[in-house]
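Everything below concerns the one structure shown next.
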Amino acid sequence: MIVFPMAPIFTPMDRGAFSDYGSMMSRMFDGNDFDGTFFDGIVPVGFFGRPEDRRSSFKASSSKCPASEVSLTPDNFALNLDVRGFVPEEISVKTVGNTVEVHARHEEKDPEGRGFVMREFRRKYTLPDDVDPESVTSQLTRRGLLAVKAPRKKMETTPLSHTVPISVEHTSSDDVPSTSQKSS
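Residue numbers (numbering that gives the first Met the number 0): 0 to 183.
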């Protein structure tokens with residue numbers, strides 16, 4: 000049997016698109032992350048996705064609601080909402096039943112008249128049972144933080160006590176019961 004030495008299939012001049020093949024393969028198999036696809040790091044992100052998938056991911060990232068924080072202490076219900084980018088005239092806070100509704104809408108027209116930009120959000124928060132919707136107040140800070148507060152109703156800590164009268168039955172000679180009340 001005659002053994003011929005193996006020559007490389009591609010000479011350095013012939014590699015062209017595969018000139019970085021070795022480093023690409025080592026990048027694919029380095030590490031322990033098997034979360035991605037086979038082509039991660041080789042082809043552009045979204046290369047294999049459908050156009051409608053890319054549009055929906057853009058919509059989801061661009062239409063996020065503002066950050067909010069709800070806290071409930073023994074004395075107060077408090078809601079802090081980031082409304083930067085809105086002026087006070089564009090924000091409304093109202094109570095409907097046992098909910099607080101915050102709505103903000105901003106429209107900005109292009110100075111050249113080609114179009115406009117609009118931002119809008121609406122959030123609803125359910126008030127606890129021990130909060131009176133009429134007592135809700137709101138305040139907007141200079142940094143764009145909307146604070147909505149309402150005091151909680153005080154629960155009676157000491158039980159109310161009252162004396163309950165005891166009724167005593169007396170029987171008469173005709174066996175007709177008659178009642179009289181004895182109070183102590």
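Ideal placement from N, C-alpha and C gives every residue a C-beta, glycine not left out.
Separation of residue j from residue i, as counted between CA atoms
i	j	result
E133	A66	25 Å
S60	E88	With a pLDDT of only 41 at S60, under the threshold of 50, the placement of this residue in the model should not be trusted, and no figure is reported.
P164	M154	27 Å
S160	V86	53 Å
E107	S137	25 Å
L78	M117	25 Å
R122	K93	11 Å
V130	Y124	12 Å
R104	G84	10 Å
M126	N97	Sequence check: residue 126 is Leu here, not Met. Each residue's alpha carbon lies about 5 Å from the other.
T170	T162	26 Å
V82	R142	9 Å
G112	L80	32 Å
Candidates the options: closest to residue i by CA position
i	options	result
L71	A149, D109, T170, D81	A149
D74	I165, K152, G143	K152
E119	E111, H102, G112, D129	H102
D128	T170, V99, H169, P158	V99
V69	D109, G84, L144	L144
F76	V135, R141, G112, S91	V135
I90	H169, L139, T170	L139
Status (buried if at least 16 other CB within 10 Å, exposed otherwise) for residue i
i	result
F115	exposed
A146	exposed
D95	Going by the sequence as given, residue 95 is Val instead of Asp. Looking at its Cβ environment, which holds fewer than 16 other Cβ atoms inside 10 Å, V95 is exposed.
V167	exposed
S56	Any reading at S56 must be qualified, since the residue scores a pLDDT of 44, below 50, and its modelled position is unreliable; the value itself is stated next. By the 10 Å Cβ count, S56 comes out exposed.
Residue i CB to nearest heavy atom of the ligand NAD below 7 Å
i	result
V99	Among the ligands in the structure shown, none appear at all, so the ligand NAD cannot be discussed.
Host beta strand (DSSP E) of residue i (start-end)
i	result
S166	165-170
R113	No beta strand (DSSP E) contains R113, which DSSP labels as neither H nor E.
D81	75-81
L159	Taken as a continuous stretch (DSSP letters only), L159 belongs to no beta strand (DSSP E), as it is neither H nor E.
T94	90-95
T136	136-139
K148	144-150
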